[in-house]
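The next block holds one structure in the form of structure tokens; read it before the comments.
Numbering (the numbering used here), first residue to last: 19 to 118.
Rendered as structure tokens:
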């Protein structure tokens, strides 16, 4: 029962995040609290989609850990996707101003 509740919460989170990412890619619109430092919203959208894919694959790996060696490979793929998404999101932000 708890596993299905977790699946529902993760599913709602990933689906809403993916919708916001697609909106950022297509239109350039991001949430108001992200606008101040966002230079490339389309890159943030791609990074968010990669991170969402990492969360989804990570949940599948959590379910597949009882299978021989497939759970570990899926967990590594999830970490790689999540890290790549985080890196793209980092690149989408404005660099910090240097005070001289």
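Here a beta-carbon is modelled for each residue, glycine too, at the ideal position from N, C-alpha and C.
(request) Assuming residue 65 contacts residue 103 (C-beta within less than 8 Å), just tell me the rounded distance between them. (result) Position 47 of the chain shown, counting from 1, holds the residue named residue 65. Position 85 of the chain shown, counting from 1, holds the residue named residue 103. Indeed they touch by this definition, with Cβ atoms about 5 Å apart.
(message) Quick check on residue 57: buried or exposed, where buried means 16 or more other Cβ atoms within 10 Å of its Cβ?
(response) Reading the chain shown from its first residue, position 39 is the one you call residue 57. Classification for residue 57: exposed.
(request) Kindly indicate which three-state DSSP category residue 56 falls into: helix, strand or coil? (result) For this step, residue 56 is matched to residue 38 along the chain shown. Taken through DSSP and simplified to helix, strand or coil, residue 56 comes out as strand.
(request) Just the C-alpha distance for residue 106 and residue 60, rounded to the nearest angstrom, thanks. (result) Your numbering for residue 106 matches position 88 in the chain shown. Your numbering for residue 60 matches position 42 in the chain shown. Near 10 Å, if we compare the C-alpha coordinates of residue 60 and residue 106.
(message) Assuming contact is defined by CB atoms lying nearer than 8 Å, are residue 93 and residue 71 in contact in what I supplied?
(response) Sequence index remark: in the chain shown, residue 93 carries index 75 (1-based). Sequence index remark: in the chain shown, residue 71 carries index 53 (1-based). No, the Cβ-Cβ distance between residue 93 and residue 71 is not below 8 Å.
(message) If you follow the alpha helix (DSSP H) that residue 44 is in, where does it begin and where does it stop?
(response) Translated into positions along the chain shown, residue 44 becomes position 26. Per DSSP, residue 44 belongs to the alpha helix (DSSP H) from 20 to 45.
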